[in-house]
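Residue numbers (the numbering used here): 18 to 93. Before any comments, here is the structure.
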Amino acid sequence: MRVSLLTMATAKKGAGAPRKKRSDAKGYKLVGLRLTPEQDAALLRAARAEAQKTGRALADKSAIARQAIDAWLKGR
18 MRVSLLTMAT AKKGAGAPRK KRSDAKGYKL VGLRLTPEQD AALLRAARAE AQKTGRALAD
78 KSAIARQAID AWLKGR
């Protein structure tokens with residue numbers, strides 16, 4: 018049985034290696050939506066403003082996004 022060294026090296030390298038995060042994901046997936054970098058930055062600004070109003074640490078971006086989506090759905 019002949020196996021090339023390249024095949025053996027590839028098999029060893031890939032065995033048990035952790036999956037890498039897709040480069041286009043970059044943390045923009047939030048509440049089931051894919052956000053653009055501009056939308057993510059706007060959401061972060063809203064989270065900071067909300068945190069200043071309430072006097073807490075940085076507010077949860079997911080919670081703010083859910084509130085905005087709920088308000089939008091009620092307004093439809």
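Here a beta-carbon is modelled for each residue, glycine too, at the ideal position from N, C-alpha and C.
How far does the alpha helix (DSSP H) with T71 in it extend, from its first residue to its last? According to the DSSP assignment, T71 belongs to the alpha helix (DSSP H) that extends over 54-71.
Return the CA-CA distance between D87 and I81, expressed in angstroms with no decimal places. 10 Å
Checking 8 Å against the spacing of the C-beta atoms, do L90 and K78 come in under that value? no
Could you tell me the distance, in whole angstroms, from the CA atom of E67 to the CA atom of R73? 9 Å
CA-CA distance, Q69 and A63? 10 Å
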